[in-house]
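What follows is one structure encoded as structure tokens, with my remarks underneath.
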Amino acid sequence: MKRFLLSMMILSSIFGAFAQNPEELPNYRKSDILIDPFWLIGGLALNASYERLISEDSGVGANAIFGFGDDLEDFTQISPFYRAYFGSKYASGLYVEGFVPITISREYDNVFWTDESNRGKSAVYTTGGLGFGLGGKWVAKKKFVFELNLGIARKFIGDRGPGDAVTGKGMIGVGFAF
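Written out as structure tokens, the structure is:
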């Protein structure tokens, strides 16, 4: 009798496991790529962002700013981030984010010599910090993405330049979801 009951329990467990249909989620987007056209057109920097969505209300990614304008020529910042979304749609709407900015900047101490046009010393500063940001993301039906983002961070790791303890990031981004 024990063998019969044990056999029935095992068979019912196996049939029960195969009878369950796995919950299938709709084919949502998994990644977003965005670029800030205003910084690019203004000739200041390339500001781009990539995000990998890990659930309907969170994502991880990185934002990169590569300066090439007169004021930002020697500025690079890469900021990995984690976002928590509060919208009713899949990974869109308002969000808060925590990010870690890694900033590389160069400062020059220009000295003009009579025999050469410009000779100076330069110092490279690499810093790391911790920041907080707010933003919003909206996705159109054709997977066109629009994002507003603003964040501020405190630098606490590495050599900072004089009076350079705070950094930030901002984006008015347009992009594509796939």
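Counting with the numbering used here, you get residues 3 to 180 for the letters of the sequence shown. Yeah, the Cβ is synthetic: ideal placement off N, Cα and C, and Gly gets one too.
| field | Option in T78, F146, F88 and F148 with minimal Cα separation from G130 | value | Sequence index remark: in the sequence shown, residue 130 carries index 128 (1-based). Comparing Cα-Cα distances from G130 to each of T78, F146, F88 and F148, the minimum goes to T78.
| On the three-state DSSP scale, how would you describe F180? | One-based indexing of the sequence shown puts residue 180 at position 178. Residue state, collapsed to three classes: coil.
| task | Taking P82 as part of the beta strand (DSSP E), name the residues at either end of that continuous run. | result | Translated into positions along the sequence shown, residue 82 becomes position 80. Note, P82: beta strand (DSSP E), F77 to Y87.
| query | Given that a residue counts as buried once 16 or more other Cβ atoms are within 10 Å of its Cβ, and exposed if not, what is G160? | reply | As a working note, residue 160 is residue 158 in the sequence shown. Burial call: exposed.
| query | At what residues does the alpha helix (DSSP H) containing L42 begin and finish? | reply | By one-based count along the sequence shown, residue 42 stands at place 40. Unbroken alpha helix (DSSP H) run through L42: P39 to I43.
| task | Output yes or no for whether 8 Å exceeds the beta carbon distance between S60 and Y87. | result | To locate residue 60, count along the sequence shown from 1; it is residue 58. To locate residue 87, count along the sequence shown from 1; it is residue 85. In this structure, Y87 lies closer than 8 Å to S60 by Cβ.
| Shortest alpha-carbon distance to G137 belongs to which of N49, G100, D73 and S33? | One-based indexing of the sequence shown puts residue 137 at position 135. Cα-wise, what sits closest to G137 is G100.
| request: List the whole-angstrom C-beta distance separating A66 from F83, where the pair is believed to meet the contact cut-off of C-beta under 8 Å. | output: Walking along the sequence shown from the start, residue 66 turns up at place 64. Walking along the sequence shown from the start, residue 83 turns up at place 81. Not really, about 11 Å apart at Cβ, beyond 8 Å.
| task | Provide the residue span of the beta strand (DSSP E) that contains A158, from first to last. | result | Position 156 of the sequence shown, counted from the first residue, corresponds to residue 158. The identity of residue 158 in the sequence shown is Phe, whereas the question assumes Ala. Residues F146 to G160.
| request: Have a look at D38 and V147 and give me their C-alpha separation to the nearest angstrom. | output: Position 36 of the sequence shown holds residue 38. Position 145 of the sequence shown holds residue 147. The straight-line gap from Cα to Cα measures roughly 12 Å.
| request: Hey, could you find the ends of the beta strand (DSSP E) F101 is sitting in? | output: Taking the sequence shown and counting its residues from 1, the one referred to as residue 101 is at position 99. G95 to F101 is the extent of the beta strand (DSSP E) around F101.
| message | Less than 8 Å between the C-beta atoms of S33 and E58, yes or no? | response | Position 31 of the sequence shown holds residue 33. Position 56 of the sequence shown holds residue 58. Contact: no.
| task | Have a look at the DSSP bridge pairing and note the partners of L48. | result | Working through the sequence shown from its first residue, we reach residue 48 at position 46. Bridge partners of L48: F68.
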